[in-house]
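A.B. asks: Residue numbers (the working numbering): 12 to 141.
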């Protein structure tokens, strides 16, 4: 991630990253990440920690147009394409049913929308299904 961000530094080319949910914060003060909670699966912690480090490194690039897009906690490969999603920020969010889930297809739609709009340069956003 760092290598690509460096290559794109100073250019108008945008760098979008498929992030992870583990680095999302679970508190409004943004002191505790989802990966640091007791129920977070141990087998995913190394990946979540690596993604958090990558995001921190991206933030140090002042001249790279990056966007880090974290999916919901349940990232469903074969889930239905609904075309509907909720755009959120740095804090772990659930939908009205209390779920944090999104299909790969709906995540892809959210990413394409961000590519077209370019509304979140140098930001981490998150997406989840309605």
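Here a beta-carbon is modelled for each residue, glycine too, at the ideal position from N, C-alpha and C. Model, not experiment: these values are computed from the prediction.
What's the C-alpha gap between residue 52 and residue 85?
C.D. replies: Straight-line Cα distance between these residues: approximately 12 Å.
A.B. asks: Using the three-state DSSP reduction, which class does residue 126 fall into: helix, strand or coil?
C.D. replies: helix
A.B. asks: Spell out whether any CB of chain B is found under 8 Å from the CB atom of residue 130.
C.D. replies: No chain B is present in this structure, which holds just one protein chain.
A.B. asks: Taking DSSP as the reference, what is the three-state secondary structure of residue 53?
C.D. replies: Residue 53: helix per DSSP, three-state reduction.
A.B. asks: Does DSSP put residue 61 in a helix, in a strand, or in coil?
C.D. replies: helix
A.B. asks: Measure from the alpha carbon of residue 23 to the alpha carbon of each residue in 31, 42, 77, then state which is nearest.
C.D. replies: 77
A.B. asks: Within this structure, are the beta carbons of residue 127 and residue 41 separated by less than 8 Å?
C.D. replies: no
A.B. asks: Just checking, does the region 25-35 make contact with the region 80-100 on the three C-beta pairs under 8 Å criterion?
C.D. replies: yes
A.B. asks: Nearest-angstrom Cα distance between residue 119 and residue 29?
C.D. replies: 10 Å
A.B. asks: Let me check understanding here. Comparing Cα to Cα, which of 103, 55, 39, 75 lies closest to residue 27?
C.D. replies: Of the candidates 103, 55, 39, 75, the one whose C-alpha sits nearest the C-alpha of residue 27 is 75.
A.B. asks: Could you tell me whether the Cβ atoms of residue 113 and residue 140 are closer together than 8 Å?
C.D. replies: If you check the CB distance, residue 113 and residue 140 come in under 8 Å.
A.B. asks: Mapping DSSP to helix, strand and coil, what is residue 35?
C.D. replies: coil
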